[in-house]
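Data first, discussion second: the structure below is written as structure tokens.
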Ligand code: SAH
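Residue numbers (this note's numbering): 1 to 361.
Structure below.
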């Protein structure tokens, strides 16, 4: 059974221990209620004076206004029964909510928020946000509706612009640990997956060093999901049976370029807009054919998503008028053709031999 009542501007008593009731209190306040935290005794006294006013028609003072709703969180069971009887006499709704754990030491959840589309955040990630006291989020994390998903949380923007670290990693870790040691449920929300170029490993080390319990909730990484949004599979039977994800944050060394060029399969580059020209020139120098297909997918899963298809030999001259911007995922490999070409040409180009009969069907 489900009953809903509008609590906007309504007086709501939240009854329980400040720690166990903190998130419930914040949630009612976020919903627009005038929520007050009371002990069972205080709640009983306020209902007593409401009852007196009610039965004697005396003028209601501020502490004798009856609430629209009483939310019982925790306390003595006999007090709860008492309060429920009082509430019933005054026709006030009373409900029960699950108390938050009273942790001596908090907890950190490293949550991968996926590539930007809210639908691609995991249910575990959403649950962690719902339970959070503090959320530290950054630029690529899905922040739309964050205050709705984490209604009880203090939201801290630790966003980093490319090349400009708004909050240094060390400081992020210090805030995260400090908040957790105060007994809070802390969510560190990141774009994609926390362990794919997300510095999640460093945050795990910070938790372990400080003896703070932690959970890692993986996310859908942009390395796989953004190409998928453009219809590009990273593996494809008979075309690519491996993919390598690299960071283009810093220019590639000659040795790295040699390895990348000789790897086969699909190359996926994150943070690679700034080093793209150096990469495609280097790959060609190290033997990759200039005709190797390349795709750039910018701002995946946003209304501005744009896919550019070219080759490693052809992209440089196009860059001038394209003005490619971060965030973008770059895919280099024959799989790009899957999204861009007529399937029969794809088979020929990749040297896949199919029977004429099969192609004709
Ligand atoms: N941990 C993240 C990656 C962080 S590195 C993950 O697993 O997805 C940041 C890089 O990810 C960006 O420079 C870009 O290359 C890529 N990226 C993340 N979100 C993206 C998006 N919505 N569209 C395109 N690229 C994205």
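From the three backbone atoms N, C-alpha and C, an ideal C-beta is built for every residue, glycine too.
Quantities reported herein were computed from a predicted structural model and do not represent experimental measurements.
Closest residue to residue i among the options (Cα-Cα distance)
{"i": "residue 105", "options": "157, 177, 3", "result": "177"}
{"i": "residue 308", "options": "291, 329, 289", "result": "329"}
{"i": "residue 41", "options": "299, 278, 78", "result": "78"}
{"i": "residue 140", "options": "227, 154, 101, 189", "result": "189"}
{"i": "residue 102", "options": "94, 63, 180", "result": "180"}
{"i": "residue 98", "options": "242, 333, 19, 81", "result": "19"}
{"i": "residue 400", "options": "312, 335, 24, 274", "result": "Here the chain has residues from 1 to 361 only, and residue 400 is not among them."}
{"i": "residue 130", "options": "50, 259, 155, 65", "result": "155"}
{"i": "residue 35", "options": "166, 211, 65, 125", "result": "65"}
{"i": "residue 333", "options": "321, 319, 284", "result": "284"}
{"i": "residue 26", "options": "236, 195, 133", "result": "133"}
{"i": "residue 243", "options": "257, 264, 56, 237", "result": "264"}
{"i": "residue 5", "options": "17, 73, 94", "result": "94"}
7 Å Cβ shell around residue i - same chain, five flanking residues per side excluded
{"i": "residue 7", "result": "28, 31, 32, 33, 68, 69"}
{"i": "residue 76", "result": "40"}
{"i": "residue 364", "result": "There is simply no residue 364 to check, as the chain begins at 1 and stops at 361 in what is shown."}
Coil, strand or helix - residue i by DSSP
{"i": "residue 182", "result": "coil"}
{"i": "residue 79", "result": "helix"}
{"i": "residue 248", "result": "coil"}
{"i": "residue 13", "result": "strand"}
{"i": "residue 34", "result": "strand"}
{"i": "residue 243", "result": "strand"}
{"i": "residue 293", "result": "strand"}
Proximal residues to residue i (C-beta, below 6 Å), its chain only, five neighbours per side dropped
{"i": "residue 305", "result": "299"}
{"i": "residue 287", "result": "261"}
{"i": "residue 271", "result": "247, 248, 249"}
{"i": "residue 276", "result": "none"}
{"i": "residue 135", "result": "150, 153, 155, 187, 189"}
{"i": "residue 213", "result": "107"}
Alpha carbon of residue i to alpha carbon of residue j, nearest angstrom
{"i": "residue 116", "j": "residue 147", "result": "16 Å"}
{"i": "residue 295", "j": "residue 142", "result": "24 Å"}
{"i": "residue 192", "j": "residue 14", "result": "37 Å"}
{"i": "residue 267", "j": "residue 281", "result": "15 Å"}
{"i": "residue 220", "j": "residue 230", "result": "15 Å"}
{"i": "residue 100", "j": "residue 88", "result": "26 Å"}
{"i": "residue 145", "j": "residue 238", "result": "42 Å"}
{"i": "residue 222", "j": "residue 114", "result": "7 Å"}
{"i": "residue 175", "j": "residue 321", "result": "42 Å"}
Residues near residue i by beta carbon distance below 8 Å, same chain, minus five either side
{"i": "residue 278", "result": "251, 252"}
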